[in-house]
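Colleague: Numbering-wise (the working numbering), the sequence shown opens with residue 241 and increments by one.
Just so it is clear, CB atoms sit at the ideal spot from N, CA and C, and this is done for glycine as well.
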Amino acid sequence: MSQKILFFLFLFFGCEVSQSSNLGIENFKGYLLNGNLVTLQSLTYPRVVLNVYSPTCVPCYKEIPTLNLIHQELEKTRFGKLYIAIDPYLILENVGNHNEETIYQEAAKIMLEEVRKRNIQADVLIMKPPFQVTPRGGLITGTPETLLFKTNPLRLYYNFIGSISEKTNPEEIQNDSRYKFFMKILGGI
241 MSQKILFFLF
251 LFFGCEVSQS
261 SNLGIENFKG
271 YLLNGNLVTL
281 QSLTYPRVVL
291 NVYSPTCVPC
301 YKEIPTLNLI
311 HQELEKTRFG
321 KLYIAIDPYL
331 ILENVGNHNE
341 ETIYQEAAKI
351 MLEEVRKRNI
361 QADVLIMKPP
371 FQVTPRGGLI
381 TGTPETLLFK
391 TNPLRLYYNF
401 IGSISEKTNP
411 EEIQNDSRYK
421 FFMKILGGI
């Protein structure tokens, strides 16, 4: 075969996008506040959005009007699903040797109150390991962070650091440059 044909075959077949999950995210799963387990790998929406939240994080709860707006848009278009993701080990004190059920129950109590107090409209997922907020070099380094995934297979394609917008009025949110950037990266809406 000529070198040109071999080069073409290499480009055509050698540069194929991987058809598997990345960074261990295929193992991401969490409990809804009603106790049902959600496995991100099994979701069929084109996009999945995880907003990493903590009740002690002021920018986290200041961005709730924006998250509610994104949640409503995704629900309306069925293009994706937004979850508020909680690392229970981040929000609970003295977890020690508690079992998974106790940890979930304690985190759920805190988050049920947050949902009520802060008018959180998106579903809350209390995440299981290997999901973890690790300020020193992990995939998720703090709150708020918003992870954007494509599905089939589940692949992380963007990690939005910080608040998307802390505006409260829907018109102001939609005109915020960070919100516009986020929606462009989310795509398809």
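Reducing DSSP to helix, strand and coil, say where A362 ends up.
Modeller: Coil, per DSSP.
Colleague: If we count Cβ pairs, one from each stretch, closer than 8 Å, do we get three or more for the stretch 323–331 versus the stretch 348–364?
Modeller: Yes: the two stretches touch, three or more of their Cβ pairs being nearer than 8 Å.
Colleague: Thinking just about the alpha-carbon of each residue, which of L387, K368 and D327 is nearest to the one in V288?
Modeller: Nearest C-alpha to V288: L387.
Colleague: Do the CB positions of I324 and V364 come within less than 7 Å of each other?
Modeller: Their beta carbons are under 7 Å apart, which means I324 touches V364 by this criterion.
Colleague: Of the choices F422, I326, N337 and Y285, whose alpha-carbon is the least far from that of T317?
Modeller: The residue with the shortest Cα to Cα distance from T317 is Y285.
Colleague: If you reduce the DSSP assignment to three classes, tell me which class Y293 lands in.
Modeller: It is coil, neither helix nor strand.
Colleague: Starting from the Cα of T383, find the closest Cα among I326, H311 and K368 and give me that residue.
Modeller: Taking only the C-alpha atoms, the option nearest T383 is I326.
Colleague: Does the distance from the C-beta atom of I413 to that of L309 stay below 7 Å?
Modeller: Yes, the Cβ-Cβ distance between I413 and L309 is below 7 Å.
Colleague: Where do the ends of the alpha helix (DSSP H) carrying V298 lie?
Modeller: Here the alpha helix (DSSP H) through V298 covers V298 to K302.
Colleague: Which one or two residues does DSSP pair with Y398 in a beta bridge?
Modeller: Answer is L388.
Colleague: Taking the straight line between their C-alpha atoms, what separation do you get for S261 and L394?
Modeller: Interpretation of S261 is limited by its pLDDT of 49, a score under 50 that renders its predicted location unreliable; the figure taken from the coordinates is listed afterwards. Taking the straight line joining both Cα atoms gives about 5 Å.
Colleague: If I'm right that T391 touches L283 with Cβ under 8 Å, what's the distance once you round it to whole angstroms?
Modeller: About 6 Å separates the two Cβ atoms, so the contact holds.
Colleague: Nearest to P434 by CA position, among F371, L396 and Q312, is which residue?
Modeller: In the structure displayed, the chain extends from 241 to 429; residue 434 sits before or after that span and is not available.
Colleague: Residues bridged to R287 by DSSP?
Modeller: Per DSSP, G320 and K390.
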